[in-house]
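Enquirer: Before anything else, here's the structure in question.
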Amino acid sequence: MLSRTAENLFWMGRYLERTEHLARYINVQYFFSLDTPHPKQRDLALLSIADMIGFELDDMRKNIQEEKVLVSAALSESNPVSILSAVFMARENARAVRDSISGELWEAMNNFYHFVSNYPVDIYKTRGLADFTQNVFKNCSTVRGKVQYTLLYDTSWLFIQLGIHLESAAQIVRILISKINDINEISNLKLGNAILEQEWDVLLDSVEAKDMCNKYYTSLPNRENTLDFLLFNPFFPRSVINKLKQTMETLEKISPERLGTKDSISFKVAKISTPFFYLDVNEIDENLPEFLEDLLSKIYLISDMIANEYFN
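Take any residue in the sequence shown, count from 1 to its spot, add 40: that is its number in the working numbering.
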């Protein structure tokens, strides 16, 4: 396989996963802020969304503009991390490798892009946020289904999966960082324990994890079980530990002939990832923000290592 083909497939998977996480985050944060009784929650929700799309929060705090934040997160061509930009890049990567993917996958990806790019901004700003984000979820599911059921499980498929797994791990950590900042802000503002506890529900809803977290622990979400579930639970498909394991397993399948050699990419990635598998929440809780930032930097380091091994 040509290195540029592998890179296009990898990034198609990453942009697809990035799109769904951002859309769900916007949806959950915004609509929760409408239901909460405290007026500060709306501003905190908008700041949280702004943080996820890379806005400078010190400037935002002085003048929080709902319309600007929501449009920039979803339909801004100038924002490189907006949903529109991510879907555009996913489609462009798919276009570059049309010979390596099915016609059904290309058609689904192309339809997804046209839905997002043609969505009326005026409707989105006034009454369309729920409709827009729900349709993004559906399109992401359709594209993911075409990846799973219309492609050969060959090297092309493995590189798409590699991108999906790695980006999912990165997005979960980024969402955790943003929500921990929100929770610390609520605590500092002394908005009350009820609102503070609700934020764990919001965090779990942002990654479609609340029902399974409740089922696994048979208790309401709290700091300890939420962090444990999203970081360390091996049975939840979106937990960071699960995604890192799948990343390592996918790399082993891409280069099985080099298994066990210390200069192999799978060995190097395992060396970075494996210590994380033996931690628990109590060990990281005192320095949680620093731990999450370090974990995110290691995920990005793994991405750089994959690029150096296969794409450069």
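Every residue, glycine too, gets a C-beta built ideally from N, C-alpha and C.
If you follow the alpha helix (DSSP H) that Arg58 is in, where does it begin and where does it stop?
Expert: Sequence index remark: in the sequence shown, residue 58 carries index 18 (1-based). In this chain, the alpha helix (DSSP H) harbouring Arg58 covers 43-75.
Enquirer: If you draw a straight line from the alpha carbon of Thr190 to that of Tyr340, how long is it in whole angstroms?
Expert: As a position in the sequence shown, residue 190 is number 150, starting the count at 1. As a position in the sequence shown, residue 340 is number 300, starting the count at 1. Their Cα atoms are separated by approximately 30 Å.
Enquirer: Would you say Val183 and Ala148 are within 7 Å of each other, going by their C-beta atoms?
Expert: Stepping through the sequence shown from its first residue, residue 183 is reached at position 143. Stepping through the sequence shown from its first residue, residue 148 is reached at position 108. Taking 7 Å as the Cβ cut-off, Val183 and Ala148 qualify as a contacting pair.
Enquirer: Cβ of Leu332 within 7 Å of Cβ of Ile226?
Expert: Residue numbering aside, residue 332 sits at position 292 when the sequence shown is read from its first letter. Residue numbering aside, residue 226 sits at position 186 when the sequence shown is read from its first letter. If you check the CB distance, Leu332 and Ile226 do not come in under 7 Å.
Enquirer: Decide if Asn322 is buried, meaning its Cβ has at least 16 other Cβ atoms within 10 Å, or exposed.
Expert: Numbered from 1 along the sequence shown, position 282 holds the residue referred to as residue 322. Exposed, by the Cβ-count rule.
Enquirer: Compare the beta carbon distance of Ala136 and Asn48 with 7 Å and say whether it is the shorter of the two.
Expert: As a first step, residue 136 must be located in the sequence shown, where it is residue number 96. As a first step, residue 48 must be located in the sequence shown, where it is residue number 8. Yes, the Cβ-Cβ distance between Ala136 and Asn48 is below 7 Å.
Enquirer: State the DSSP-derived secondary structure class of Asn327, mapped to helix, strand or coil.
Expert: The residue labelled residue 327 in the question sits at position 287 within the sequence shown. If DSSP states are grouped into helix, strand and coil, Asn327 belongs with the helices.
Enquirer: Pick out whichever of Leu124, Lys308, Phe316 has its Cα sitting closest to the Cα of Thr59.
Expert: Mapped onto the sequence shown, residue 59 falls at position 19. Of the listed residues, the one whose Cα sits closest to Thr59 is Leu124.
Enquirer: Going by alpha carbons, who is nearest to Glu239 out of Tyr55, Gly53, Val68, Met41?
Expert: Counted from its first residue, the sequence shown places residue 239 at position 199. Ranking the options by Cα distance to Glu239, first place goes to Val68.
Enquirer: Starting from Tyr153, trace the alpha helix (DSSP H) both ways and give me its first and last residue.
Expert: As a position in the sequence shown, residue 153 is number 113, starting the count at 1. 143-157 is the extent of the alpha helix (DSSP H) around Tyr153.
Enquirer: Exposed or buried, Gln174, counting other C-beta atoms within 10 Å across all chains shown (16 or more means buried)?
Expert: Sequence index remark: in the sequence shown, residue 174 carries index 134 (1-based). The residue in question, Gln174, is exposed, as its Cβ has fewer than 16 Cβ neighbours within 10 Å.
Enquirer: Return no unless some Cβ of chain C is closer than 7 Å to the Cβ of Gly53.
Expert: Note that chain C does not occur in the displayed structure, where there is just one protein chain.
Enquirer: Under the rule that 16 or more other beta-carbon atoms within 10 Å means buried, what is Lys250, buried or exposed?
Expert: For the purposes of this step, residue 250 is identified with residue 210 of the sequence shown, where counting begins at 1. By the 10 Å Cβ count, Lys250 comes out buried.
Enquirer: Do Tyr308 and Met345 have their CB atoms nearer than 7 Å?
Expert: Along the sequence shown, read from residue 1 onward, the residue named residue 308 stands at position 268. Along the sequence shown, read from residue 1 onward, the residue named residue 345 stands at position 305. Correcting the residue type first, residue 308 is Lys in the shown sequence and not Tyr. Yes, Cβ-Cβ distance for Lys308 and Met345 is below 7 Å.
Enquirer: Mark Thr290 as exposed unless 16 or more other C-beta atoms lie within 10 angstroms of its C-beta, in which case mark it buried.
Expert: Here residue 290 refers to the residue found at position 250 of the sequence shown. Under this definition Thr290 is a buried residue.
Enquirer: Excluding five sequence neighbours on each side, which residues of the same chain lie with their C-beta closer than 7 Å to the C-beta of Phe172?
Expert: Residue numbering aside, residue 172 sits at position 132 when the sequence shown is read from its first letter. Ala114, Tyr159, Tyr164, listed in sequence order.
Enquirer: Cα separation between Leu270 and Asp245?
Expert: Sequence index remark: in the sequence shown, residue 270 carries index 230 (1-based). Sequence index remark: in the sequence shown, residue 245 carries index 205 (1-based). So the two alpha carbons sit approximately 12 Å from each other.
Enquirer: Any idea what DSSP makes of Ile93, helix, strand or coil?
Expert: The residue labelled residue 93 in the question sits at position 53 within the sequence shown. Here Ile93 sits in coil by DSSP.
Enquirer: I'd like to check one pair, Glu349 with Ile305: are the Cβ atoms closer than 7 Å?
Expert: Within the sequence shown, the letter at position 265 stands for residue 305. Within the sequence shown, the letter at position 309 stands for residue 349. In this structure, Glu349 lies closer than 7 Å to Ile305 by Cβ.
Enquirer: Using only the alpha-carbon positions, how far apart do Phe71 and Arg82 sit?
Expert: Within the sequence shown, numbered from 1, the residue matching residue 71 stands at position 31. Within the sequence shown, numbered from 1, the residue matching residue 82 stands at position 42. Those two C-alpha atoms are separated by around 9 Å.
Enquirer: Residues in the same chain with beta-carbon distance under 6 Å from Gln286, minus the five sequence neighbours each way, listed in chain order, please.
Expert: As a position in the sequence shown, residue 286 is number 246, starting the count at 1. Taken in chain order, the residues that qualify are His205.
Enquirer: Could you compute how far the alpha carbon of Ser116 sits from the alpha carbon of Asp99?
Expert: Taking the sequence shown and counting its residues from 1, one reaches residue 116 at position 76. Taking the sequence shown and counting its residues from 1, one reaches residue 99 at position 59. Spanning the two alpha carbons is a distance of roughly 19 Å.
Enquirer: Output the distance between the C-alpha atoms of Pro261 and Val121, rounded to the nearest integer angstrom.
Expert: The residue labelled residue 261 in the question sits at position 221 within the sequence shown. The residue labelled residue 121 in the question sits at position 81 within the sequence shown. The straight-line gap from Cα to Cα measures roughly 30 Å.
Enquirer: Quick one: what does DSSP say Phe272 is sitting in, helix, strand or coil?
Expert: Walking along the sequence shown from the start, residue 272 turns up at place 232. Looking at Phe272 - three-state DSSP - the assignment turns out to be helix.
Enquirer: Given this structure, state the Cα-to-Cα distance separating Asn179 from Phe152, to the nearest angstrom.
Expert: Numbered from its first residue, the sequence shown carries residue 179 at position 139. Numbered from its first residue, the sequence shown carries residue 152 at position 112. Whole-angstrom Cα-Cα distance: 6 Å.
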